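Colleague:
Dropping the structure here:
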């Protein structure tokens, strides 16, 4: 019964070569370089995650990633690329723009930041060893995660954002990621947002593909929220249809803090959005939501780990997935309640609507509970549109397609309503309508 | 029968009862009235022995025995019965099963023989009929899906079957329409007995039209601030509690 | 359910300081040497007087097993098992198998008596015919089937109920056709091991159109030191037939861990129904977590025919470690699978149990009701899979998993996998975790119940939906077990 030696795929071999070639050119030295080595060692040892790795059971990167694309350099026409981005254009916000993962200063409002907000470009921060870098990688349940480790090894740019204590930022921050090029590339942007005690901030994040070549995006946003903070976060994945897009949101939430985060997904041939959230202080609350629309052969994975490590915190998760064509939706959600986290109240729901005969949904909602005085529940449903409702609507004179669209909208609406910012919500609803309009 | 001396009680560091004295004799029906937040429900819970209340001082004597150190079930075995303001639901446990379990538990504690099934059934049927409780309800999970009125009647049914010596009715009238109130009051009135005492806790006077008390005590800020006969209830109905709030503060 | 009161009464009557079934029976054992190799496999096969094809079947499984690795599970921890330190064959020394009760070693009968289990079945064993329901018993003592009652009467109905060894000899065509057809030889590490070394178990065949006239029942018991128990059960319900099968398990208290790796295969053909109920209270280990049975069992039912139905009901209160997922393959159109489970863990027990409902046919339905109760320092995991394949149009599943935690040193986990490849499949899953509320406890105490009575009452209410699925004989015993296994969990 000999140990099985994994055979490296071409992509895995290439990944190792790319890291060896690049590691001395990536920003940062000393501690930072060591951090990259450590992160990459995880990847070198385990290879690309595959279906035998429990956390990646339904999203097999080893078979999906055929080759390791080279890390994107800063595009020469970065500003022009950013200008092709359309997402959240009507939303009043302070913008930080990224072209293929690189911060584009000329399309970022670095000089017009709201009071109390400071932004340091990550490449510069890495080079100088900025003290805020110490805030990275704090979420225990995210440790060892492939996408996070890959980003930590290759991160080349991004931003360190600090919201000073007690600041109520009056304008939303829009992190605008625009990806595009003529040949395949990979990105690894990293954003760290430190929200000091008593501060509140709204962050919108958009990811769009505007080029012709398939790319591999892997963004990480880390939020370190102090006590008494309020954070509102919305995220749009409108990546290119042939892109592989990994994204991670890792959050540490202090006491009496409140976070709402909603993600909408329409893009990518394969996408995986991960949320790792650790409650670090009592009496905090979390609301996570998601609206995913898939068609063709798209594959979208939403994976959450909510870590109730302290008592008296609430979490609510509501995820909606609509699947058409031969697409596959994945929802994995895990609520952990640690031994001391008494009075935890956690509720998670994942609902999927399969619009075609060939659609697939995989749901894995988990509860892992070590404290007795808690209320936790999860639910998962999947099915097709309600025949009775469709009949009712068509009997009232609506054409079937319109009736279907109406029901799908209502289904997604429940999640989209969680978006507090009206302009963002309107855009997401409009995108959902647009997606439905493209159904044939 | 019941003697409470200088009872001081806190919950989570907040003082609720503040040196309360009260005496109820056998055969007496005593009413406690008072504004919201005066500590009426706390008093009922402390007598019954709910855990989270911290008794800092004083004593509660039932027939001369201080019951403060006893577990709730030991107090129940000594005849203390609390009709809850919000009776609890126990899914999956049929009312019948529950009734049998509690009757026999108390008999066991008093070293009495357990009831035979026919005897048990006979008693339950008789008591249920008295309170207009449908047999079908007895087969359902305890209080699960019962209306407010049904739950209150179920409390009185338990009271009738357990034959306690000291009964506390905590806001038994809340959520009842007039017909349900009459049934409940009738149930209580038939249980009035020279050997049994009642403590009727209520915010409104209307229950006392149906269960006529011997004495009325007014509670404010964790203390009995005034005592009198049944006419005191009528007086309160007319004047309200405003005076007492000030007086206690 | 008036039996709750009975539960309370019985708890009083039982000395719970010690595991009730923790005694050893001193009877002569016929034991093969320790360890496992091809010769041992051959020895087992020849001891059972098996035909050549069966020996080969076993050897093939053994060779396969040697290439396999023992699985490692996320939340189950135990010291490695040395498979060469186990005895793979232990039979009470009494050959040939007894023909009637009179021939049964009185020690064995005494053991059954001590097990205190089903009074009715004791009567049956003693030849008393009760007016109520009747149960035919196949008793497996360590690994050998000792006695099968009511065989003759069953035979009249055409029902075959015998030990698997006997079936291999007497009904080779049926065994060859169905053995390993639901749980393939190479299915998993423990099933493969079982295929190589199984020593006994039960065989049931219900012919077409026959409703089995009585409940069939097997009692398993591990007695000998260091023995693994590898029983094999095969139940075939032919077209339009019905059978209800009960399985009860106990093991004596021992310091060392005993391995139990059974395989149960159920096959339901067109319009047939199999109801399989288990009450398992293998020795769970002592208060420090020492000893106890490792229960690594593969149970699977195949709804092979249209409109067939397989229903699993289990009450799991024993074993140090339980790893068990009674499953249904819903192959026939309109077939139905059910899984009702109560899993209680206390002390240092580790339970990882659940089910798999594999929807393959059209309009197949399944229902899962799981009630997990964790107390002490135990870990209790529900792990389940519901999947609809491309062609499973109209598949329906409803799953409800509730966990109850008693005390703050235990863990309750829910890990469902829900996979749908068919738009018209409708799956609903809900799970909750909670504790017995302080208010509920206070309410019961105020009415005069003590803490343990109150917990037993509330827990029995919590599991009621599942208890109702059990045949009467088992329901009463199960309630008793629930109360016993939660002893000492409060306060």
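Protein chains in written order, with the UniProt record's numbering: chain A, 1 to 440; chain B, 1 to 249; chain C, 1 to 491. From the three backbone atoms N, C-alpha and C, an ideal C-beta is built for every residue, glycine too. Nothing here was measured: the structure is a model prediction, and the numbers come from that model.
1) Short of 8 Å Cβ to Cβ, which residues in the segment 400-419 of chain C face chain A?
2) In chain B, what lies closer than 7 Å to residue 446(C) by C-beta?
3) So is residue 11(B) in contact with chain C if we call contact Cβ pairs under 7 Å?
4) Kindly list, in the order they appear in chain B, the residues whose Cβ is closer than 9 Å to that of residue 479(C).
5) Taking a Cβ distance cut-off of 8 Å, strictly less, list which residues of the segment 422-452 of chain C are near chain A, in chain order.
6) Check each candidate in 326(A), 40(A), 314(A) and name the one with the smallest Cα separation from residue 293(A).
7) Exposed or buried, which one is residue 399(A) when buried takes at least 16 other CB atoms within 10 Å?
8) Between the beta-carbon of residue 279(A) and the beta-carbon of residue 308(A), is there less than 7 Å?
9) In the DSSP assignment, find the unbroken alpha helix (DSSP H) run with residue 37(A) in it and report its ends.
10) Quick check on residue 93(A): does DSSP put it in helix, strand or coil?
11) Check the Cβ-Cβ distances between residue 457(C) and every residue of chain B, and say whether any is below 7 Å.
12) Going by the CB atoms, is the gap between residue 389(C) and residue 421(C) shorter than 7 Å?
13) For residue 364(A) and chain E, any beta-carbon pair shorter than 7 Å?
14) Kindly list the residues whose CB is nearer than 6 Å to the CB of residue 433(C), restricted to its own chain and excluding five residues on each side of it in sequence; keep chain order.
15) Consult DSSP for residue 160(A) and reduce its assignment to one of helix, strand or coil.
16) According to the Cβ coordinates, are residue 372(C) and residue 93(B) closer than 7 Å?
17) Which runs of the alpha helix (DSSP H), 4 residues or longer, sit entirely within the segment 43-72 of chain C?
18) Count the other CB atoms within 10 Å of the CB of residue 430(A); is the residue buried (16 or more) or exposed (fewer)?
19) Please classify residue 239(B) as buried or exposed, where buried requires at least 16 neighbouring CB atoms within 10 angstroms.
20) On a Cα-Cα basis, can you pick out the residue from 9(A), 87(A), 163(A) that is closest to residue 132(A)?
21) Tell me, to the nearest whole angstrom, how far the beta carbon of residue 36(A) is from that of residue 26(A); I am working on the premise that it is less than 8 Å.
22) How big is the Cα-Cα spacing for residue 44(C) and residue 57(C)?
23) Contact criterion: CB-CB distance below 7 Å. Does residue 101(B) meet it with respect to chain C?
24) Around the Cβ of residue 472(C), are there at least 16 other Cβ atoms within 10 angstroms (buried) or fewer (exposed)?
25) Using only CA atoms, which one of 150(A), 147(A), 142(A), 159(A) lies nearest to residue 124(A)?
26) Assuming residue 412(A) contacts residue 214(A) (C-beta within less than 8 Å), just tell me the rounded distance between them.
27) Using the three-state DSSP reduction, which class does residue 410(C) fall into: helix, strand or coil?
28) Do you know offhand how far residue 377(A)'s Cα is from residue 161(A)'s?
29) Hey, residue 489(C) and residue 455(C) are a contact pair by Cβ (cut 8 Å); roughly how many whole angstroms apart?
30) I want to verify the contact list: residues of chain C whose CB lies under 7 Å from the CB of residue 222(B), in sequence order.
31) Closest to residue 189(B) by CA distance: which of 236(B), 212(B), 73(B), 36(B) is it?
32) Could you confirm whether any beta carbon from chain B is found closer than 7 Å to the beta carbon of residue 371(C)?
33) Just mark residue 402(A) as buried or exposed, buried being the case when its beta carbon has 16 or more other beta carbons within 10 Å.
34) Going by DSSP, what residue range makes up the alpha helix (DSSP H) through residue 234(A)?
35) Mind pulling the beta strand (DSSP E) runs of 3 or more residues that sit fully within the segment 20-87 of chain B?
36) At a Cβ threshold of 7 Å, is residue 105(B) touching chain C?
Modeller: So, to answer that:
1) 403, 405, 406, 407, 408, 409, 410, 411, 412, 413, 414, 415, 416, 417, 418, 419
2) Counted from its first residue, the third chain places residue 446(C) at position 446. 48, 72, 76, 82, listed in chain order.
3) As a position in the second chain, residue 11(B) is number 11, starting the count at 1. Not an interface residue.
4) Locating residue 479(C) in the third chain gives position 479, counting from the first residue. Under the 9 Å cutoff, chain B gives no residues; its nearest Cβ is about 11 Å from residue 479(C).
5) 422, 423, 424, 425, 426, 427, 428, 429, 430, 431, 432, 433, 434, 435
6) To locate residue 293(A), count along the first chain from 1; it is residue 293. Selected option, being the one with the closest Cα: 326(A).
7) As a position in the first chain, residue 399(A) is number 399, starting the count at 1. Looking at its Cβ environment, which holds fewer than 16 other Cβ atoms inside 10 Å, residue 399(A) is exposed.
8) Mapped onto the first chain, residue 279(A) falls at position 279. Mapped onto the first chain, residue 308(A) falls at position 308. Contact flag set, yes.
9) The sequence position of residue 37(A) within the first chain is 37, counting from 1. 31-46 is the span of the alpha helix (DSSP H), which, as asked, contains residue 37(A).
10) Against the first chain, residue 93(A) aligns to sequence position 93. Here residue 93(A) sits in strand by DSSP.
11) Along the third chain, read from residue 1 onward, the residue named residue 457(C) stands at position 457. Yes, contact with chain B.
12) Stepping through the third chain from its first residue, residue 421(C) is reached at position 421. Stepping through the third chain from its first residue, residue 389(C) is reached at position 389. For residue 421(C) and residue 389(C), yes; Cβs fall inside 7 Å.
13) The structure shown contains no chain E; the protein chains it does contain are A, B and C.
14) Locating residue 433(C) in the third chain gives position 433, where the first residue counts as 1. Excluding positions up to five away in sequence, the list reads 403, 412.
15) Taking the first chain and counting its residues from 1, one reaches residue 160(A) at position 160. Correct three-state label for residue 160(A): strand.
16) By one-based count along the third chain, residue 372(C) stands at place 372. By one-based count along the second chain, residue 93(B) stands at place 93. Taking 7 Å as the Cβ cut-off, residue 372(C) and residue 93(B) do not qualify as a contacting pair.
17) 52-66
18) Within the first chain, numbered from 1, the residue matching residue 430(A) stands at position 430. With fewer than 16 Cβ atoms within 10 Å of its Cβ, residue 430(A) is classed as exposed.
19) Along the second chain, one-based indexing puts residue 239(B) at 239. Residue 239(B) is exposed by the Cβ-count criterion.
20) Reading the first chain from its first residue, position 132 is the one you call residue 132(A). Answer by Cα proximity: 163(A).
21) Indexing the first chain from 1 puts residue 36(A) at position 36. Indexing the first chain from 1 puts residue 26(A) at position 26. Confirmed, Cβ separation roughly 7 Å.
22) In the third chain, counting from the first residue as 1, residue 44(C) sits at position 44. In the third chain, counting from the first residue as 1, residue 57(C) sits at position 57. C-alpha separation (whole angstroms): 13 Å.
23) The residue given as residue 101(B) occupies position 101 in the second chain. Yes, because at least one Cβ of chain C sits closer than 7 Å to the Cβ of residue 101(B).
24) As a position in the third chain, residue 472(C) is number 472, starting the count at 1. That one is exposed.
25) Taking the first residue of the first chain as 1, we reach residue 124(A) at position 124. For the residues 150(A), 147(A), 142(A), 159(A), the minimum Cα distance to residue 124(A) belongs to 159(A).
26) Here the question's residue 412(A) lines up with position 412 in the first chain. Here the question's residue 214(A) lines up with position 214 in the first chain. Not a contact, Cβ separation roughly 27 Å.
27) Here residue 410(C) refers to the residue found at position 410 when the third chain is read from its first residue. DSSP places residue 410(C) in coil when its eight states are reduced to three.
28) As a position in the first chain, residue 377(A) is number 377, starting the count at 1. As a position in the first chain, residue 161(A) is number 161, starting the count at 1. Looking at the two C-alpha atoms, the distance is approximately 35 Å.
29) One-based indexing of the third chain puts residue 489(C) at position 489. One-based indexing of the third chain puts residue 455(C) at position 455. About 7 Å; that satisfies the 8 Å criterion.
30) Position 222 of the second chain holds residue 222(B). What residue 222(B) touches in chain C: nothing, since even the nearest Cβ is about 21 Å away.
31) Stepping through the second chain from its first residue, residue 189(B) is reached at position 189. Looking at the Cα atoms, 212(B) is the closest of the given residues.
32) As a position in the third chain, residue 371(C) is number 371, starting the count at 1. No, no contact with chain B.
33) Here the question's residue 402(A) lines up with position 402 in the first chain. Residue 402(A) should be labelled exposed.
34) Here the question's residue 234(A) lines up with position 234 in the first chain. Unbroken run through residue 234(A) is the beta strand (DSSP E), 230-238; no alpha helix (DSSP H).
35) 29-33, 54-62, 80-83
36) Within the second chain, residue 105(B) is the residue found at index 105, counting from 1. Chain C contact via Cβ: present.
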